[in-house]
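Novice: Got a structure for you, written out below as structure tokens; questions coming shortly.
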Amino acid sequence: RLGAVVVKGLSLEPRSGNPPPRIMETPSGMLNAVGLQNIGVRAFIGEKLPFLRQFDTALIANIFGETIDEYRRMAEILDGAKGVHAIEVNISCPNVKKGGIAFGARSESAAEVTRGVRGETGLPLIVKLTPNVTDIAEIALAVEAAGADAVSLINTLTGMSVDIEKRRPHLANVTGGLSGPAIRPVALRMVWQAVRAVKIPVVGIGGIMTASDALEFFITGATAIQVGTANFVNPASMLNILDGIEEYLNRHNMANIAELIGSLNTDT
Numbered sequence: 447r448l449g450a451v452v453v454k455g456l457s458l459e460p461r462s463g464n465p466p467p468r469i470m471e472t473p474s475g476m477l478n479a480v481g482l483q484n485i486g487v488r489a490f491i492g493e494k495l496p497f498l499r500q501f502d503t504a505l506i507a508n509i510f511g512e513t514i515d516e517y518r519r520m521a522e523i524l525d526g527a528k529g530v531h532a533i534e535v536n537i538s539c540p541n542v543k544k545g546g547i548a549f550g551a552r553s554e555s556a557a558e559v560t561r562g563v564r565g566e567t568g569l570p571l572i573v574k575l576t577p578n579v580t581d582i583a584e585i586a587l588a589v590e591a592a593g594a595d596a597v598s599l600i601n602t603l604t605g606m607s608v609d610i611e612k613r614r615p616h617l618a619n620v621t622g623g624l625s626g627p628a629i630r631p632v633a634l635r636m637v638w639q640a641v642r643a644v645k646i647p648v649v650g651i652g653g654i655m656t657a658s659d660a661l662e663f664f665i666t667g668a669t670a671i672q673v674g675t676a677n678f679v680n681p682a683s684m685l686n687i688l689d690g691i692e693e694y695l696n697r698h699n700m701a702n703i704a705e706l707i708g709s710l711n712t713d714t
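This is the structure in structure tokens:
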């Protein structure tokens with residue numbers, strides 16, 4: 447019933463991630479500083495992809511890199527992988543050749559990554575945007591012009607938490623990515639801004655726990671949504687969300703979700 451499954455971030459080479467503690471619960475979500483631990487794109491294709499191909503669901507590979515060349519090489523490798531239906535490019539990662547500033551923090555570098563990946567693959571290309579910017583619409587427009595087929599947003603907001611007795615950060619990495627219900631209003635606002643700026647589809651992400659949450663994103667203009675943190679609380683959350691969406695459409699005599707997308711009324 448799911449439209450697609452997005453695998454967690456893949457890098458060119460294996461990554462062990464950050465030292466623990468690297469996940470902690472917050473009053474309305476969680477902070478994670480896992481550090482993008484993964485087995486690497488080649489091992490994923492050899493060890494994980496055969497299992498995932500068994501399911502009749504589209505598979506989207508999420509990739510990240512420290513240089514544009516790494517992004518390009520991963521796109522080239524995945525382009526020939528049977529069972530990968532699309533690529534999602536995480537541009538929240540630091541550009542090690544430009545002082546560690548995230549690729550997605552500036553429109554120029556965001557576009558450069560997008561062009562690099564676009565040149566290596568004919569697969570549908572989704573660019574995942576960071577919320578840690580001044581103008582999300584500017585970044586969305588830049589990656590659209592560079593060849594993105596869609597944008598997804600938002601990635602996590604950077605946050606931290608302190609143990610007041612030890613006077614130390616709760617996370618070994620000090621900061622981490624905040625996800626969960628706490629970020630949903632920010633995500634919804636940024637999706638609204640992106641929808642008004644670009645012509646390509648916008649995928650809504652951020653704090654979606656229930657069908658009502660998902661419906662907010664569709665009404666705002668998102669063509670699709672992604673669910674992440676909710677799965678830690680309830681592995682069946684996505685199926686519950688689908689049930690709730692279907693119930694809403696039936697109750698409002700709508701034939702399909704397309705009738706709902708972008709139906710936000712902002713008239714006063």
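Here this note's numbering is used: the first residue of the sequence shown is 447, the next is one more, and so on. Cβ atoms here follow ideal geometry from the backbone N, Cα and C, with glycine treated the same way.
Looking only at its chain, what residues have a beta carbon closer than 7 Å to the beta carbon of F510, apart from the 5 residues adjacent to it on each side?
Specialist: Position 64 of the sequence shown, counting from 1, holds the residue named residue 510. Once the five neighbours on either side are set aside, the close Cβ partners of F510 are G455, S457, L482, N536 and C539.
Novice: Quick test of your reading: G674 and V637, contact by CB under 8 Å. State the CB separation rounded to the nearest angstrom.
Specialist: What you label residue 674 is simply residue 228 of the sequence shown in a count that begins at 1. What you label residue 637 is simply residue 191 of the sequence shown in a count that begins at 1. Wrong, their Cβ atoms sit about 15 Å apart, outside the cutoff.
Novice: Per DSSP, which one or two residues make a beta bridge with G562?
Specialist: For the purposes of this step, residue 562 is taken as residue 116 along the sequence shown, with counting starting at 1. According to DSSP, G562 bridges with nothing at all.
Novice: Between the Cα of E566 and the Cα atoms of D515, G605, F490 and V589, which residue gives the shortest distance?
Specialist: Indexing the sequence shown from 1 puts residue 566 at position 120. Answer by Cα proximity: D515.
Novice: Put G622 into one of helix, strand or coil per three-state DSSP.
Specialist: Residue 622 sits at position 176 when you count from the first residue of the sequence shown. Note: G622 maps to strand in three-state DSSP.
Novice: To the nearest angstrom, how far is it from the Cα of I687 to the Cα of I651?
Specialist: Taking the first residue of the sequence shown as position 1, residue 687 is located at position 241. Taking the first residue of the sequence shown as position 1, residue 651 is located at position 205. Computed Cα separation, rounded: 14 Å.
Novice: To which residues of the same chain is G475 closer than 8 Å at the C-beta, ignoring the five residues directly before and after it?
Specialist: One-based indexing of the sequence shown puts residue 475 at position 29. The answer, listed in chain order, is L624, S625, G626, P627, A628, I629, G653 and T675.
Novice: How about the region 512-526 and the region 493-504: do they share at least three Cβ pairs that are nearer than 8 Å?
Specialist: no
Novice: Looking at L575 and I610, is the spacing between their C-beta atoms short of 8 Å?
Specialist: The sequence position of residue 610 within the sequence shown is 164, counting from 1. The sequence position of residue 575 within the sequence shown is 129, counting from 1. Contact flag unset, no.
Novice: So which of L477, M655, R697 and R447 has the shortest CA-CA distance to M606?
Specialist: Indexing the sequence shown from 1 puts residue 606 at position 160. Nearest C-alpha to M606: L477.
Novice: What separation, rounded to the nearest whole angstrom, lies between the Cα atoms of E558 and G449?
Specialist: Here residue 558 corresponds to residue number 112 of the sequence shown, with the count starting at 1. Here residue 449 corresponds to residue number 3 of the sequence shown, with the count starting at 1. Cα to Cα, the separation comes out at about 29 Å.
Novice: Can you name the residues that DSSP bridges to L603?
Specialist: Walking along the sequence shown from the start, residue 603 turns up at place 157. Its beta-bridge partners are L624.
Novice: Can you tell me which of R564, Y517 and N677 puts its alpha carbon nearest to the alpha carbon of T656?
Specialist: Within the sequence shown, residue 656 is the residue found at index 210, counting from 1. The residue among R564, Y517 and N677 with its C-alpha nearest the C-alpha of T656 is N677.
Novice: From N484 to R468, what does the alpha carbon distance come to, in whole angstroms?
Specialist: If you number the sequence shown from 1, residue 484 lands on position 38. If you number the sequence shown from 1, residue 468 lands on position 22. Answer to the nearest angstrom: the Cα atoms are 15 Å apart.
Novice: Between which two residues does the beta strand (DSSP E) harbouring N536 extend?
Specialist: Numbered from 1 along the sequence shown, position 90 holds the residue referred to as residue 536. A532 to N536 is the extent of the beta strand (DSSP E) around N536.
Novice: Can you name the residues that DSSP bridges to K574?
Specialist: Counting from 1 along the sequence shown, the entry for residue 574 is found at position 128. K574 is bridged to N536 and S598.
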